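Okay, so the sequence shown: first residue is 119 according to my numbering, each after it adds one.
Backbone N, C-alpha and C define an ideal beta-carbon position, used for all residues, glycine too.
Here the structure is a predicted model, which is why all the values come from computation and not from measurement.
Take a look at the structure set out below.
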Amino acid sequence: MIETKDARRIILEHVRPLEEESVEIVLALGRTLNEDIYADEDSPSFDSSAMDGYALVASDTAGASLNQPVILEVIEDLPAGSIPLKTVTAGKASRIMTGAPIPQGADAVIMVEDTERMRNAECGMRNEREGTERVRVFREVKRGENLRKKGEDVRKGELILKKGRRIRPAEIGMLACLGRTAVKTIRPPVVAILATGNELVEPGGKLAPGKIHNSNTYSLMAQVLEAGGIPLNLGIARDKKELLKEKIGEALSADLIITSAGVSVGEYDLVKDVLEEMGLKLLFWKVATKPGKPTVFGLIQGKPYFGLPGYPVACMVCFELFVRPAILSMMGRERLFRPQVEAVTLEDIKKKPGRTDYLRAVISYNRKLERYEANLTGPQKSGILSSMAKANCLLITPKEASFIKSGTVLEAMILQEGGETEGG
């Protein structure tokens, strides 16, 4: 058996980023950026209003209050997208909407909530031209208040997005803001998923005695999608060499291959034998982890192959430990591993020494004690999938430990991005 870190090292030595692919920006979601993105111009490209209100000269508002408002003449309306035609001078203002350009002469915007529209008749200004509009200003504003300055977001020539970054909705919005319609990315890997076993029935099928639903394919497909890959469901292969060879032949069209079950030492566990007959270059078999001891990794026709255990929890945990980093590496990602934090276990833990246990747990942050704390999600057998469904982390135990006392600090691998980690 090899250690987790050694298994990961071997895997990452044998996977490489896939080829570059240029796609429309909205289709780049979840992919890895394969170019540095620089700003071709300032954003925003002009001074604009951050609020609906009135663009004015800040010094005109000195002393303004509810009891003694300042009265200004309104010379122009400026909706978003318009071009100012008039210059704001002392005693004047332009009504302005959020995002509209600031007119020449104005150096501040007062919010509409701090003003009141009026007509000249209200002020006794009957001799001025009919229809002249004025506004009462009830508050002082400072120079630059409620303005968005040119280049406030990004400056021309600035490095905005660095190569290797995961493209999220915010990055897509930023690309659109910069005027980009397409972007260079790393092509996401197609991941073939094959479940094996005579006992398996697809969800929705009737369970005869001795049969179970095929859950591994669907949890693996979801994990592949979450990592950014493209799952290819090859269904179920029964425990016959000819059928396995046919299905694995189909899997070779993908970039990476996963099988679940059939990799231990049972009489009917044929997958490893069939793969070796088909030219598998075996790089490791058996890892010092619990769950997941019989995990296999190798190359078949140059493509990464993972043989994962059949137990649902072991299958999912081994995906997290070994397959997910491989997918991210093939996508050109820089951060390959889940984040880890130190957490205090709130219960005693018994284990067999000799392997590193990855226990399903719920982690939360105790604000009063300023620490992360973890509780197990129940029985930790490899077939109890509910323990995984309840978990938001994997609690990592020392290899040689046999008893871990409540209050011990352990490493916790966070599984849920933005998960429920806030507590008492």
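- The beta strand (DSSP E) runs lying completely inside the segment 320 to 380 and spanning 3 residues or more are 348 to 355 and 374 to 378, given in chain order.
- Going by beta carbons, M506 and M434 fall inside the 8 Å limit.
- Ranked by Cα distance from R489, the first of K470, I502 and T463 is T463.
- Put simply, the backbone Cα of G416 is about 22 Å away from that of G346.
- Taking every protein chain shown into account, the CB of L487 has fewer than 16 other CB atoms within 10 angstroms, so this residue is exposed.
- Of all C-beta pairs linking the segment 445 to 463 to the segment 516 to 531, three or more are shorter than 8 Å, placing the two stretches in contact.
- V431 carries a helical assignment under DSSP once its states are collapsed to helix, strand and coil.
- Taking 8 Å as the cut-off, the beta carbon of E518 is found no closer than this to the beta carbon of L494.
- Annotation for D195: the continuous beta strand (DSSP E) segment containing it runs V188 to L196.
- Assigned with DSSP and collapsed to three states, E452 falls in coil, not helix or strand.
- Annotated as distal: A372 and V441, with beta-carbon spacing of 8 Å or more.
- Three or more pairs of CB atoms, one per stretch, sit closer than 8 Å, so the segment 211 to 226 contacts the segment 159 to 171.
- In the assembly as shown, K365 is a buried residue. Its beta-carbon has 16 or more other beta-carbons within 10 Å.
- Ranking Q341, L190, C436 and A355 by CA distance to the CA of V414 puts C436 first.
- Our two residues, V192 and A180, have alpha carbons roughly 18 Å apart in a direct line.
- Proximity of the segment 284 to 292 to the segment 396 to 413 falls short of the contact definition, fewer than three beta-carbon pairs being nearer than 8 Å.
- If you check the CB distance, Y156 and G275 come in under 8 Å.
- At a Cβ-Cβ threshold of 8 Å, G328 and A379 do not count as neighbours.
- Counting the other CB atoms within 10 Å of its CB gives D124 a total below 16, which places it among the exposed residues.
- If you ignore the 5 residues before and after F256, its C-beta comes within less than 8 Å of the C-beta of A182, S183, L184, P187, D232, T233 and E234, all in its own chain and listed in chain order.
- Per the coordinates, the alpha-carbon of V342 lies some 42 Å from the alpha-carbon of K268.
- Taking C-alpha positions only, V253 is separated from P306 by approximately 58 Å.
- Within the same chain, and ignoring the five residues on either side of L350 in sequence, the residues whose Cβ sits closer than 7 Å to its Cβ are V308, V309, A310, I311 and A372.
- When secondary structure is reduced to three states using DSSP, L503 falls in the helix class.
- Cβ contact annotation for P430 (same chain, cutoff 8 Å, sequence separation greater than five): S333, N334, S337, S500, G501, L503 and M506, in chain order.
- Counted as a single uninterrupted DSSP element, the beta strand (DSSP E) harbouring M531 occupies residues V527 to I532.
- Rounded to whole angstroms, the separation of the alpha carbons of C295 and L512 is 39 Å.
- Note: Q419 is not bridge-paired with any residue in the DSSP secondary-structure output.
- A distance below 8 Å separates the beta carbons of A176 and R261.
- As summarised for the segment 140 to 216, the continuous beta strand (DSSP E) elements at least 3 residues long and confined to that stretch are 171 to 174, 188 to 196 and 210 to 214, given in chain order.
- Judged by DSSP in its simplified three-state form, V389 adopts helix.
- In this structure, the CA atom of G472 is about 59 Å from the CA atom of E159.
- P221 is a Cβ neighbour of T205, given a cutoff of 8 Å.
- In the three-state reduction of the DSSP assignment, L265 falls in the strand class, which pools E and B.
- The Cβ atoms of V527 and K508 lie no closer than 8 Å to each other.
- In this structure G425 is not in contact with T474, their Cβ atoms being roughly 20 Å apart against a cut-off of 8 Å.
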